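To start, the structure itself, in structure tokens.
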Amino acid sequence: MATPDREVRPVRYSKAISASLVLLVGSSVAMAEDLGQLIDLPSPSATYANEPAAAEDVLPVSLSDDTSSTRFYVAGIVGASFATLTNGGSFEAIPSNVFSPTGSVNDTLFTGGGAVGMAFEKPFGQLRMELEGRDRGAMSGPTTLAISGGTFLDQAVNTTASGVWSFMTNFWCDYDLTDTVGLYGGGGIGIGGYQYQTTSPDPQLVVTGANTINSFAWQIGTGVTYQISRRVTFDVGYRFFSIGNGSTPLLTSNNSATGGAPYTFLGNSLSAFTASELLLSVRIYEPFRGLIR
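Okay, here's the thing in structure tokens:
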């Protein structure tokens with residue numbers, strides 16, 4: 014008796030399954046290579062059990078974190094601050110005598126600080142938003158308390174600003190000129206302050222004033238960047254920085270013998286701090302990348 018067909022059909026069916034599995038595995042591996050990643054298929058049976066995803070439903074996955082469009086960074090900043098402290102204001106402290114603090118102090122101060130921020134990659138370069146804190150040295154010099162009315166002569170005073178600080182929110186736009194060299198520009202707003210003091214040594218009219226100034230601050234700037242590596246950038250920049258007007262009460266001593274208490278209030282002296290600054294900065298992107306691997 015001839016062998017029934019049912020004994021042959023399982024063999025033909027098994028060959029068809031094997032051919033389908035080979036095609037399925039081959040197409041899956043090819044798709045994975047095109048997408049930049051390798052799919053681990055533990056066994057043909059497991060592959061056959063799961064329906065393959067359509068190519069349009071699979072998104073490519075980057076194999077490198079360096080292509081991220083948004084990166085965190087930290088920066089160290091040092092430089093020179095060519096600063097000016099300006100006195101102003103006017104008040105009638107004594108009938109028919111108008112007092113006007115005038116003059117300015119100019120000095121070169123060391124400035125240093127740091128920043129933390131986020132950089133957003135753009136076709137032309139990147140946009141950066143950061144928080145920056147800096148400190149500056151002290152400055153001191155002669156100014157004048159001008160007095161009109163004839164009762165007193167103009168008084169020479171010594172004016173000091175110390176502990177000049179600032180905390181800013183900055184926005185910068187970086188433009189790539191080459192793969193390593195670029196230009197940037199932008200600015201920021203925030204708050205700044207300093208310790209203000211002014212004194213007159215003349216025993217005929219002892220004038221003194223001291224106050225902690227805190228006021229609105231702003232800056233604009235531009236510079237050149239050099240990309241040392243994907244994660245390290247060096248820049249040289251210029252900034253114009255300003256702290257708004259502050260007010261300090263001026264007192265005069267009623268004790269001609271010692272120049273001390275009791276005091277009489279004369280009026281308020283205004284002061285403002287501005288600076289042209291040359292800064293060097295090093296930015297490190299993803300500074301904690303090695304710690305979280």
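Numbering (my numbering) for the sequence shown: 14 to 306.
Beta carbons: idealized from backbone N, C-alpha and C, even for Gly.
If you're wondering where the values come from, they're calculated on a predicted model, not measured in any experiment.
Residues that DSSP places opposite residue i in a beta bridge
i, result
"Phe-180", "Gly-146, Ile-204"
"Ile-160", "Phe-112"
"Gly-281", "Note on residue identity: the sequence assigns Asn, not Gly, to residue 281. Asn-281 pairs with Pro-262."
"Ala-96", "Asp-120, Ala-288"
"Pro-155", "Asn-171"
"Gly-130", "Tyr-86, Glu-143"
"Gly-198", "Cys-186, Thr-235"
"Gly-257", "None, per the DSSP bridge assignment."
Backbone secondary structure at residue i - three-state DSSP
i, result
"Asp-302", "Reading the sequence as shown, one finds Arg at residue 302 and not Asp. Three-state DSSP puts Arg-302 in a helix."
"Ala-252", "Contrary to the premise, residue 252 reads as Arg rather than Ala in this sequence. In the structure shown, Arg-252 sits in a strand (DSSP, three-state: E or B)."
"Arg-243", "coil"
"Ser-175", "strand"
"Phe-165", "coil"
"Ala-68", "Caution applies to Ala-68, whose pLDDT of 48 falls short of 50 and renders its modelled position unreliable; the model cannot decide the point."
"Ser-77", "The predicted model places Ser-77 with a pLDDT of 42, which falls under 50 and marks its position as unreliable; any figure quoted below should be read in that light. Three-state DSSP puts Ser-77 in coil, outside helix and strand."
"Gln-139", "strand"
"Ser-294", "strand"
"Ala-59", "Since pLDDT at Ala-59 reaches only 46, below the 50 mark, its modelled position is unreliable, and no value is offered."
"Thr-217", "In the sequence on display, residue 217 carries Gln and not Thr. Reduced to three states, the DSSP call for Gln-217 is coil."
"Trp-185", "strand"
"Val-38", "Model confidence at Val-38 stands at a pLDDT of 36, short of 50, so the residue's coordinates are unreliable; what they give is reported in the following sentence. Looking at Val-38 - three-state DSSP - the assignment turns out to be helix."
Cβ-Cβ distance between residue i and residue j below 9 Å
i, j, result
"Gly-250", "Leu-292", "yes"
"Thr-265", "Leu-196", "no"
"Gly-257", "Tyr-207", "no"
"Thr-173", "Ser-153", "yes"
"Thr-182", "Gly-199", "no"
"Ser-213", "Thr-221", "yes"
"Tyr-298", "Thr-225", "no"
"Asp-215", "Gln-168", "yes"
"Ser-284", "Asn-100", "yes"
"Gly-127", "Arg-149", "no"
"Phe-286", "Ser-255", "yes"
"Gly-89", "Ser-282", "no"
"Phe-180", "Leu-144", "yes"
"Ala-230", "Gly-259", "no"
"Asp-248", "Ser-289", "no"
"Arg-252", "Phe-184", "no"
"Val-309", "Arg-302", "Any answer about residue 309 is impossible in this case: the structure gives the chain only from 14 up to 306."
The beta strand (DSSP E) enclosing residue i, as first and last residue numbers
i, result
"Ile-233", "220–240"
"Thr-321", "Any property of residue 321 remains undetermined from this structure, which presents the chain solely from 14 to 306."
"Gly-102", "No beta strand (DSSP E) contains Gly-102, which DSSP labels as neither H nor E."
* Count the CB pairs spanning the region 182–191 and the region 103–121 that are closer than 8 Å, and state whether there are at least three. => No, the region 182–191 is not in contact with the region 103–121.
* To do: Please confirm if the region 119–135 is in contact with the region 224–244, defined as three or more CB-CB distances below 8 Å between the two stretches.
  => Touching, no.
* the region 86–97 contacting the region 275–284, beta-carbon criterion three pairs below 8 Å -> With the rule of 3 Cβ pairs closer than 8 Å, the region 86–97 does not count as touching the region 275–284.
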